[in-house]
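Novice:
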Amino acid sequence: MKKVLILSLLFLFSCTTAPISGRRQLITVSSQEEQTLGLQSFQQIVNQSKVIKGTPAANQVTRVGQNLAKHIDANYAWEFVLIDDKQINAFCLPGGKVAVYSGILSVTQDDDGMAVVMGHEIAHALARHGAERMSQDSLINLGGQLLGLGTGSNAVTAAYGLVSNYGVALPFNRKQESEADYIGLIIMSKSGYDPRKAVGFWQRMSSAGGGKTPQFLSTHPSDSTRIADIQKHMSEAMMYYTASAKK
Ligand SMILES: [Zn+2]
235 MKKVLILSLL
245 FLFSCTTAPI
255 SGRRQLITVS
265 SQEEQTLGLQ
275 SFQQIVNQSK
285 VIKGTPAANQ
295 VTRVGQNLAK
305 HIDANYAWEF
315 VLIDDKQINA
325 FCLPGGKVAV
335 YSGILSVTQD
345 DDGMAVVMGH
355 EIAHALARHG
365 AERMSQDSLI
375 NLGGQLLGLG
385 TGSNAVTAAY
395 GLVSNYGVAL
405 PFNRKQESEA
415 DYIGLIIMSK
425 SGYDPRKAVG
435 FWQRMSSAGG
445 GKTPQFLSTH
455 PSDSTRIADI
465 QKHMSEAMMY
475 YTASAKK
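Be aware that the sequence shown starts at 235, since it is given in the numbering used here, and climbs by one per residue.
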């Protein structure tokens, strides 16, 4: 009985593949559910923040974001906002809700740098990394419930209870980070931004913050492994970048 429940859950939720990388994923939250949560969190954050509009930096966020979105096959209601906050941070929530904090502008520096960070964040959302993390946690939980006293319906409730804990600062794992780098690199290149600028971006990021670890690095650690991994995909990215310039 318990086994049947696990098997049917795996069957129901295992049919997901990350875009571009093609990695198979186990996700127990529906896209719809995830996007509803994304929208709620985004509205909450925007309501509590000062959104900058009409400045060159705000226009850059919109310009780069819309250009990237044009080259992405996703049914998202995209939104791009620049938040007046000196923390070095940026995120994209499920459904295409992107926020860039003004503190990161010294690291992004230009449109290419902006495309690196936005492409990376959008990639996390496209590949549903937040939902994947939640699913891993909930499956562990589910397993625990089934081994313990939990009945089937309690276990499912427990799994979905984790959905409500979903927040912006959910740390990604190493595999997801490297996948977001790859997907982001391809997206930015297809959109006509120079993928070679990704290396400088991550170098600047790792030395940013003046001794204090930037918010961004707590969820997206930058090190030589990351940069080496990015270099591995550079020739493929350059192919897309060169093709985009010919259009
Ligand atoms: Zn990341």
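C-beta: ideal position from N, C-alpha, C; glycine also.
State the CB to CB distance for the pair MET468 and ARG430, rounded to an integer number of angstroms; the pair is presumed to be in contact (CB under 8 Å).
Specialist: Residue numbering aside, residue 468 sits at position 234 when the sequence shown is read from its first letter. Residue numbering aside, residue 430 sits at position 196 when the sequence shown is read from its first letter. Going by Cβ atoms, the distance from MET468 to ARG430 rounds to 7 Å, so yes, they are a contact pair.
Novice: What number of angstroms, rounded off, separates the C-alpha of LEU451 from the C-alpha of GLY426?
Specialist: Working through the sequence shown from its first residue, we reach residue 451 at position 217. Working through the sequence shown from its first residue, we reach residue 426 at position 192. Each residue's alpha carbon lies about 26 Å from the other.
Novice: What residue from SER412, ASP463 and ASP307 has the CA that sits closest to HIS363's CA?
Specialist: Start at 1 with the first residue of the sequence shown, and residue 363 comes out as number 129. The option with the nearest alpha carbon to HIS363 is SER412.
Novice: Using CA atoms only, rank isn't needed, just tell me which of ASP318, THR342, LYS320 and GLU313 is closest to PRO328.
Specialist: Counting from 1 along the sequence shown, the entry for residue 328 is found at position 94. Measuring from the Cα of PRO328, the nearest candidate turns out to be GLU313.
Novice: Ignore the nearest five residues each way along the sequence and tell me which others in ILE286's own chain have a CB closer than 6 Å to its CB.
Specialist: Taking the first residue of the sequence shown as position 1, residue 286 is located at position 52. For ILE286, where only same-chain residues beyond five positions count, the Cβ hits under 6 Å are ALA292, LEU316 and ASP318.
Novice: For ARG408, does the count of other Cβ atoms within 10 angstroms reach 16, so buried, or fall short, so exposed?
Specialist: The residue labelled residue 408 in the question sits at position 174 within the sequence shown. Exposed is the call here.
Novice: With distances taken from each beta carbon to the nearest heavy atom of ligand 3, which residues come in below 6 Å, in chain order?
Specialist: In the structure shown, ligand 3 is absent; the only ligands present are ligand 1.
Novice: In three-state terms, what does DSSP make of PHE406?
Specialist: Locating residue 406 in the sequence shown gives position 172, where the first residue counts as 1. Note: PHE406 maps to coil in three-state DSSP.
Novice: Just tell me which of LYS446, GLU470 and ARG297 has its CA closest to the CA of MET348.
Specialist: Looking up residue 348 in the sequence shown gives position 114. If we check each option's Cα against that of MET348, ARG297 comes out closest.
Novice: Going by beta carbon distance, what residues of the same chain come within less than 8 Å of GLN465, once the five residues before and after it are set aside?
Specialist: Within the sequence shown, the letter at position 231 stands for residue 465. Closer than 8 Å at Cβ, skipping near neighbours: VAL433.
Novice: In angstroms with no decimal places, state the Cα-to-Cα distance between SER456 and ALA462.
Specialist: Within the sequence shown, numbered from 1, the residue matching residue 456 stands at position 222. Within the sequence shown, numbered from 1, the residue matching residue 462 stands at position 228. One C-alpha to the other measures close to 11 Å.
Novice: I need the straight-line Cα distance from ALA333 to ALA477, nearest angstrom please.
Specialist: Against the sequence shown, residue 333 aligns to sequence position 99. Against the sequence shown, residue 477 aligns to sequence position 243. Near 29 Å, if we compare the C-alpha coordinates of ALA477 and ALA333.
Novice: Which partner residues of PHE314 appear in the DSSP bridge assignment?
Specialist: Within the sequence shown, residue 314 is the residue found at index 80, counting from 1. PHE314 is bridged to VAL332.
Novice: Using 10 angstroms around the beta-carbon of PRO448, count the other beta-carbons present and answer buried if the total reaches 16, otherwise exposed.
Specialist: Locating residue 448 in the sequence shown gives position 214, where the first residue counts as 1. Its Cβ being crowded by 16 or more others within 10 Å, PRO448 is buried.
Novice: Enumerate in chain order the residues of its own chain whose CB-to-CB distance from GLU355 is below 6 Å, with the five nearest sequence positions on each side excluded.
Specialist: Numbered from its first residue, the sequence shown carries residue 355 at position 121. Counting only Cβ-Cβ distances below 6 Å, and skipping sequence neighbours, we find ALA324, PHE325 and CYS326.
Novice: In three-state terms, what does DSSP make of ALA324?
Specialist: Within the sequence shown, numbered from 1, the residue matching residue 324 stands at position 90. In the structure shown, ALA324 sits in a strand (DSSP, three-state: E or B).
Novice: Taking the straight line between their C-alpha atoms, what separation do you get for ILE270 and GLN437?
Specialist: Within the sequence shown, residue 270 is the residue found at index 36, counting from 1. Within the sequence shown, residue 437 is the residue found at index 203, counting from 1. Before going further, note that residue 270 is Thr rather than Ile in the sequence given. Answer to the nearest angstrom: the Cα atoms are 35 Å apart.
Novice: How big is the Cα-Cα spacing for GLN259 and ALA252?
Specialist: As a first step, residue 259 is located in the sequence shown; it is residue number 25 there, counting from the start. As a first step, residue 252 is located in the sequence shown; it is residue number 18 there, counting from the start. In a straight line, the C-alpha of GLN259 is about 7 Å away from that of ALA252.
Novice: In three-state DSSP terms, what is THR251?
Specialist: Your numbering for residue 251 matches position 17 in the sequence shown. In the structure shown, THR251 sits in a strand (DSSP, three-state: E or B).
Novice: Identify whether ILE261 lies in helix, strand or coil by the three-state DSSP scheme.
Specialist: Stepping through the sequence shown from its first residue, residue 261 is reached at position 27. Three-state DSSP puts ILE261 in coil, outside helix and strand.
Novice: Within a Cβ cutoff of 8 Å, which residues of the same chain sit near SER440, ignoring the five residues on either side of it in sequence?
Specialist: As a first step, residue 440 is located in the sequence shown; it is residue number 206 there, counting from the start. Excluding sequence neighbours, SER440 sits near LEU451, SER456 and ASP457.
Novice: Relative to the C-alpha of THR262, which residue among SER369, LYS446 and GLY445 is closest?
Specialist: Sequence index remark: in the sequence shown, residue 262 carries index 28 (1-based). Nearest C-alpha to THR262: SER369.
Novice: How many Å lie between GLY272 and SER264 at the Cα?
Specialist: As a working mapping, residue 272 is identified with position 38 in the sequence shown. As a working mapping, residue 264 is identified with position 30 in the sequence shown. Distance between the alpha carbons of GLY272 and SER264: 12 Å.
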